[in-house]
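**Q** The structure is given below, and queries will be raised subsequently.
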Amino acid sequence: MNSVQAELLVAGSCTHPEHIVHGNWRLSSMQFPATFALIRHPDKGLMLYDTGYSTQFLKATEKLPERLYRWITPVTIPEDQTAAAQLRARGIDPEDVKFVILSHFHADHVGGLVDFPRAQFLFLEDAWKAVKDLSGLSALRRAFLPALLPTDFRKRGQAIETGRPMALPSELDPFTHGHDIFGDGSMYAVELDGHAIGQMGLVLRLQTGAFWFLVADACWTSRCYRERISPHVVTRLLFNNTREYRRTLARIGDLSERSPEVQIIPSHCTETLRSLSGAARS
Ligand SMILES: [Zn+2]
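Residue numbers (the working numbering): 700 to 981.
Shown next as structure tokens:
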């Protein structure tokens, strides 16, 4: 059984009115950090889970119709805050990143892929199938910007083997099955239905013995799963399946009550980031 080290970092952020996320009537703006994880695997080397935004996002949304994305979702991404820049600041060459594991293909998760020229990209096949032939407005409607993918994406992309789901560690109950990515018990891909087709959560077995469960956009904040907050009608239009979204959200809420020691990490939750700061490398 292997284990990994992991660290949470943020590459850019966007703003939305709070009522869209928490279903209340607060019109005040909330900032949503775009989190990614830097993972050190003892045999497979360095890898990332998602990338957050990068300056490539600004290039990809310069013209219409893609410009609409920036109008609807104002994005901040300073050049020194991209995933690649932050890795360099830590003495890591982005060329040394071996894998980028993609939760799904929304722009705030794949925004920095072009900065990792040697990485292999791992994802669930359904997620790729849902977007691979989209362009222009039909891509935009799925929050997918094809210009964010490196030109050799198809060559370096690989679907995770899902033929034989295996039992997850009992601590993850009610999530019972997942896919052991490297066959060594260190990292499991878990399907999280509802937000986007083929969205993948990632369970990390840390060297401390604890588990991290990165749940991407299965919920936007920890408050959403604690209080089982259904999303605003506007965001429901973007979701692949609202019923499945609610089911997944309820399971995450159940997990947090049954196993409070499992750290649940939504991609855009400031509160979770704060609670992990300082202890970010585990
Ligand atoms: Zn998303």
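Don't be surprised by glycine CBs; every beta carbon is placed ideally from N, CA and C.
#1: Taking M729 as the reference, which of K743, R739, V774, G897 has the closest Cα?
#2: Just checking A826 against ligand 1 - is the residue's beta carbon closer than 7 Å to any of the ligand's heavy atoms?
#3: Rounded to the nearest angstrom, how far is the Cβ of P732 from that of T969, given a contact under 8 Å?
#4: Have a look at A917 and A788 and give me their C-alpha separation to the nearest angstrom.
#5: Quick check on S702: buried or exposed, where buried means 16 or more other Cβ atoms within 10 Å of its Cβ?
#6: Between G835, G897, E926, G884, which lies nearest to A909 when the distance is taken from Cα to Cα?
#7: Which residues in the same chain have their Cβ closer than 6 Å to the Cβ of D825, if we skip the five residues on either side of it in sequence?
#8: Would I964 and V914 qualify as a contact pair, given that the criterion is a beta-carbon distance under 8 Å?
#9: Taking its Cβ as the centre, do 16 or more other Cβ atoms sit within 10 Å of A979, making it buried, or is it exposed?
#10: Might you give, ordered along the chain, the residues of its own chain that have their beta carbon closer than 8 Å to the beta carbon of E870, omitting 5 neighbours on each side?
#11: Starting from the N-terminal end, write out each residue whose C-beta falls within a distance shorter than 7 Å of any non-hydrogen atom of ligand 1.
#12: Measure from the alpha carbon of T850 to the alpha carbon of each residue in L812, A806, R904, L786, then state which is nearest.
#13: Of all the options Y944, T714, E761, which has the alpha carbon lying nearest to the alpha carbon of S727?
#14: Go to I800, then tell me how far its beta strand (DSSP E) extends in each direction, as first and last residue.
#15: Using the C-alpha atoms, what's the distance from C923 back to F798?
#16: Anyone know if the C-beta pair for I800 and A710 falls short of 8 Å?
#17: Below 6 Å CB to CB, which residues in the same chain sit around S981 once its five sequence neighbours on both sides are set aside?
#18: Taking the alpha-carbon positions, what's the A846 to A759 distance?
#19: Determine the closest residue to L745 out of W827, R817, R766, T772, with distance taken between C-alpha atoms.
#20: Does the beta-carbon of L839 have 16 or more other beta-carbons within 10 angstroms, so that it is buried, or is it exposed?
#21: Within the segment 753-783, note down every full alpha helix (DSSP H) run reaching 4 residues or more, in order along the chain.
#22: Between the beta-carbon of A783 and the beta-carbon of L823, is there less than 8 Å?
**A** Checking against the coordinates, here is how it stands:
#1: With distances taken between CA atoms, M729 lies nearest to V774 out of K743, R739, V774, G897.
#2: no
#3: 6 Å
#4: 30 Å
#5: Under this definition S702 is a buried residue.
#6: Nearest to A909 by C-alpha distance, out of G835, G897, E926, G884, is G884.
#7: Counting only Cβ-Cβ distances below 6 Å, and skipping sequence neighbours, we find I896, G897.
#8: yes
#9: Residue placement at A979 is flagged as unreliable, the pLDDT there being 44, under the threshold of 50; the coordinate-derived value follows with that caveat. By the neighbour-count rule (16 or more Cβ atoms within 10 Å), A979 is not buried but exposed.
#10: F910, S958, E960, V961
#11: For ligand 1, the selected residues are H803, H805, D807, H808, A842, H894, A895, A915, D916.
#12: From the listed residues L812, A806, R904, L786, the smallest Cα separation to T850 is found for L812.
#13: T714
#14: 796-800
#15: 30 Å
#16: no
#17: Reliability of the predicted coordinates at S981 is poor, the pLDDT of 43 falling under 50, and the value obtained from them is presented with this limitation in mind. Only L905, T907 meet the Cβ criterion.
#18: Distance between the alpha carbons of A846 and A759 is about 6 Å.
#19: Closest by alpha carbon: R817.
#20: buried
#21: 754-759, 766-771
#22: no
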